[in-house]
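What follows is a short report on a single structure.
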Amino acid sequence: MVVSDPLFDTSAGNTPVGEDEALGLRPTWIRTRGDLNEAEAANIFDARRTIRSPAVDEVLDDLWLRKLHLRMFGAVWTWAGTYRLSDRNVGIDWAEVPAAVRKLAEDGRAWVDHDGHQAAVARFHHRLVAIHPFPNGNGRHSRAAADYLCDALGLAAPTWAAGSSATITELRHAYLAALRTADRDPNDLGSLIEFMWQ
């Protein structure tokens, strides 16, 4: 019987960590997915605590988005802040990622100018998740980027359903359902906006 390494557990929607990517782990003590989650959470907390409030043009910039990922995950992964070099079960073809993020930044500026701010932030968040630019940490990165875009716009930050009485599993299902609704119709952002600011 083959026992799988818990670090490679993909249950509960975890992004699979490829063996090549696992070689990029900085902390030598990480052995399980729980260890990885703990190390990443500490790195993210430190990044979110120390990143200053950006301007809209900064958030809507390919380099700033990569630097955000680096700050959030750089203490854990050697490849943090670099785009993925392989395909995933979600996201676009890896070779299209750099151009897609640059296009997202360009489109984001137009959305901010023409959409309501909540709609612009929801559209930006959804597209960044759909691109899935990094080997790991895409959901957390795209939520942080949306938070920083709100800050830059002077908009109340999304709550991400933090005040909800639903279980974590129920919240995850509601979030993924809202993203899938926007996948089917990028103009149908109502469910995502409601989840983000409920």
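Heads up, the sequence shown is in the numbering used here, so the first residue is 1 and it goes up one at a time. Built from N, CA and C at the ideal position, the CB exists for glycine as well. What you are looking at is a predicted structure, and each value in this text was computed from that prediction instead of being measured.
If you ignore the 5 residues before and after Ser142, its C-beta comes within less than 7 Å of the C-beta of His125, Leu128 and Val129, all in its own chain and listed in chain order.
In this model, Ala75 and His117 are separated by some 33 Å (Cα to Cα).
Counting C-beta atoms within 10 angstroms of its own C-beta, His69 has 16 or more neighbours from the protein chains shown and is therefore classed as buried. Taking the CA atoms as reference points, Val121 sits about 32 Å from Ala22. Annotation for Pro54: no alpha helix (DSSP H) segment contains it, and DSSP assigns it neither H nor E.
Just measuring C-alpha positions, the residue of His173, Trp94, Trp79 and Ala100 sitting nearest Asp61 is Ala100. Ala152 places its beta carbon less than 8 Å from that of Val59. About 7 Å separates the beta carbons of Leu179 and Leu192, which is inside the 8 Å limit, making them a contact pair.
Nearest Cα to Ala162 within the set Asp57, Tyr175, Arg26 and Gly154: Tyr175.
For Leu25, the beta-bridge partners assigned by DSSP are Trp77. Assignment of Leu128 by DSSP, reduced to helix, strand and coil, places it in the helix class. Rounded to whole angstroms, Ile44 and Asn187 show a C-alpha spacing of 31 Å.
Between Trp197 and Pro158 the beta-carbon gap is near 6 Å, inside 8 Å, which marks them as a contact. The count of Cβ pairs closer than 8 Å, one atom from the segment 44 to 54 and one from the segment 71 to 85, reaches three, so the stretches are in contact.
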